[in-house]
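**Student:**
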Amino acid sequence: MPDQDRRETTPTADSALPLAGVRVLDVCQVMAGPYCCMLLADMGADVIKVEPPGAGDQTRSAMGFKMKGSDSLGFLNMNRNKRSVALNLKSDAGREVFMALVREADILVENYRPGVMKRLGIDYEALREANPALVYASISGFGQTGPWAHRPGFDLMAQAMSGVMAMTGHGDGRPVKAGVPVADIGCALFAAYGILSAYIGAQRTGRGQAIDASLFDSALAFSIWDSAEYWGTGKPPEPLGTANRMSAPYQAVKAKDAYFVMGATNQRLWTKLCGLLGREDLLADARFKTISDRLAHREVMIDELESAFSKQSAQHWIDALLEAGIPAGPILDYPAAYASDHGRHRQMKIEIDHPIEGKVPNIGFAVKMQGTPQQVRRHPPLLGEHTDEVLTQLGYSQTDRIRLAEGGAFEVESL
Numbered sequence: 150m151p152d153q154d155r156r157e158t159t160p161t162a163d164s165a166l167p168l169a170g171v172r173v174l175d176v177c178q179v180m181a182g183p184y185c186c187m188l189l190a191d192m193g194a195d196v197i198k199v200e201p202p203g204a205g206d207q208t209r210s211a212m213g214f215k216m217k218g219s220d221s222l223g224f225l226n227m228n229r230n231k232r233s234v235a236l237n238l239k240s241d242a243g244r245e246v247f248m249a250l251v252r253e254a255d256i257l258v259e260n261y262r263p264g265v266m267k268r269l270g271i272d273y274e275a276l277r278e279a280n281p282a283l284v285y286a287s288i289s290g291f292g293q294t295g296p297w298a299h300r301p302g303f304d305l306m307a308q309a310m311s312g313v314m315a316m317t318g319h320g321d322g323r324p325v326k327a328g329v330p331v332a333d334i335g336c337a338l339f340a341a342y343g344i345l346s347a348y349i350g351a352q353r354t355g356r357g358q359a360i361d362a363s364l365f366d367s368a369l370a371f372s373i374w375d376s377a378e379y380w381g382t383g384k385p386p387e388p389l390g391t392a393n394r395m396s397a398p399y400q401a402v403k404a405k406d407a408y409f410v411m412g413a414t415n416q417r418l419w420t421k422l423c424g425l426l427g428r429e430d431l432l433a434d435a436r437f438k439t440i441s442d443r444l445a446h447r448e449v450m451i452d453e454l455e456s457a458f459s460k461q462s463a464q465h466w467i468d469a470l471l472e473a474g475i476p477a478g479p480i481l482d483y484p485a486a487y488a489s490d491h492g493r494h495r496q497m498k499i500e501i502d503h504p505i506e507g508k509v510p511n512i513g514f515a516v517k518m519q520g521t522p523q524q525v526r527r528h529p530p531l532l533g534e535h536t537d538e539v540l541t542q543l544g545y546s547q548t549d550r551i552r553l554a555e556g557g558a559f560e561v562e563s564l
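Residue 438 in the numbering used here is what sits at position 289 of the sequence shown, and the numbering runs on without skipping anything.
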């Protein structure tokens, strides 16, 4: 058996980061779980991704655009700064290694369907005996409890069943989902918030806890304006396209050559807008006196505004509105957003050196830390790239490894 309580010596590149010295076990696949763990890794945590031998995280091959090697570009954008260990958790030998990892871990994140970890004997109740301070986060489609708990859950299902799709689009009867995976990414963010809160508590009390984060709950938690409207009126919110249900005008509008976005969200900005357009008559129109009036007559108001906007280009109006202090902007696609002066300044596209792919494009860090800036310390790992390294750090000898291999610890068998 290996010696216990051995930790990796923290690399110099990690030492200044806020989560340096924190060990995280990433027992996750696809998006919400891996993305959550990448956020922790970017802040300096030693994240060990535990994957099934053979195929690994299904996102390696099933999601995104495949590169020269076996990993997709989607996988490469959710797994930087991690190490990878390939373990068959269905085998006793694999679970032995896993338990050795658990004893040294601060945090575990898993996103299998409720019940899978318990069947494997590695649910929170089983692991807390080995490590009472462990923070154990479970991410799922619908949560660990409730009538829908055991349903398979992806972002699409969470958007549909949380009400998000019912109020997205233009109200023509065709369902529309949000263009980006708001339930997945939202759940990853909420989970990271819960994990770090629980970790701080565990440092104070010595006791960890289980965390239950779901895509369904996260999607509902985003619905501040929409739930407020429902509770206030008793009616379900309807799709509004690009408009806002609490303020108007605040949406995409059409100019002579293109659509752009603008928002005159209060009386001061509305007055400025009408003056800029030479439509002071709208200020005296009873239909548009207050925000409530403008909301009630939104379509007529937008028609009036677009008749004025149609006389000049979108860029003309954007410049004029910004000069007047009224928020406005163009509608950019991803190439334009990344290539913009601002996108480049904010470094929202970075490149990672990868042993197989060479230079790999990656989405940059969304939060800029002034004193401890994040950095790419590790490329997204190859499957099992760090298995030997981690076994050595856990104290396993070559004889131990032969025994583990014979026991099926590294045998190909998917969950």
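Where a beta carbon is used, it is the ideal one built from N, C-alpha and C, also for glycine.
Which of the three DSSP states, helix, strand or coil, is assigned to Asp175?
**Tutor:** Strand at Asp175.
**Student:** Would you mind reading off the limits of the beta strand (DSSP E) that contains His503?
**Tutor:** Residues Lys498 to His503.
**Student:** Assuming Ala476 contacts Gly412 under a Cβ cut-off of 8 Å, what Cβ separation, rounded to an integer in Å, is found between them?
**Tutor:** Per the sequence shown, residue 476 should be read as Pro rather than Ala. Going by Cβ atoms, the distance from Pro476 to Gly412 rounds to 5 Å, so yes, they are a contact pair.
**Student:** I think Pro183 touches Ala235, with their Cβ atoms under 8 Å apart; what is that distance to the nearest whole Å?
**Tutor:** Going by Cβ atoms, the distance from Pro183 to Ala235 rounds to 16 Å, so no, they are not a contact pair.
**Student:** For the candidate residues Ser219, Met180 and Gly312, whose alpha-carbon lies nearest to that of Tyr261?
**Tutor:** Answer by Cα proximity: Met180.
**Student:** Identify, in the order they occur along the chain, each residue of the same chain with its Cβ nearer than 7 Å to the Cβ of Glu560, setting aside the five sequence neighbours on each side.
**Tutor:** Closer than 7 Å at Cβ, skipping near neighbours: Pro202, Asn237 and Ser240.
**Student:** Anyone know if the C-beta pair for Ser462 and Lys405 falls short of 8 Å?
**Tutor:** Cβ atoms of Ser462 and Lys405: closer than 8 Å.
**Student:** Whose CA, out of Glu500, Phe514 and Ala554, lies closest to the CA of Leu222?
**Tutor:** Closest option to Leu222, Cα to Cα, is Glu500.
**Student:** Alpha carbon to alpha carbon, how far is Asp195 from Thr158? Give it in angstroms, no decimals.
**Tutor:** Reliability of the predicted coordinates at Thr158 is poor, the pLDDT of 41 falling under 50, and no value is obtained from them.
**Student:** For Asp366 and Asp434, what's the separation of their Cα atoms in angstroms?
**Tutor:** Approximately 42 Å between the Cα atoms of the pair.
**Student:** Less than 8 Å between the beta carbons of Thr391 and Ala407, yes or no?
**Tutor:** The answer is no: Cβ separation not under 8 Å.
**Student:** Straight-line CA distance for Cys186 to Leu276?
**Tutor:** Cα-Cα distance, rounded: 19 Å.
**Student:** Within 10 angstroms of the Cβ of Ser287, are there 16 or more other Cβ atoms? Answer buried if so, exposed if not.
**Tutor:** Buried is the call here.
**Student:** Let me know the secondary structure DSSP gives Glu555 once reduced to three states.
**Tutor:** Three-state result, Glu555: helix.
**Student:** Rank Asp321, Val525 and His535 by C-alpha distance to the C-alpha of Met192 and give the top, closest one.
**Tutor:** Comparing Cα positions, the closest option is Val525.
**Student:** For Pro167, collect the residues of the same chain with a Cβ closer than 7 Å to its Cβ; drop the 5 residues on either side in sequence, then sort them by chain order.
**Tutor:** Taken in chain order, the residues that qualify are Met192, Gly193 and Thr521.
**Student:** According to the neighbour-count rule (16 or more other Cβ atoms, all chains shown, within 10 Å of its Cβ), is Val329 buried or exposed?
**Tutor:** Burial call: exposed.
**Student:** State the DSSP-derived secondary structure class of Glu455, mapped to helix, strand or coil.
**Tutor:** Three-state DSSP puts Glu455 in a helix.
**Student:** Starting from the Cα of His494, find the closest Cα among Trp297, His503, Gly513 and Gly292 and give me that residue.
**Tutor:** For His494, the nearest C-alpha among the options comes from Gly513.
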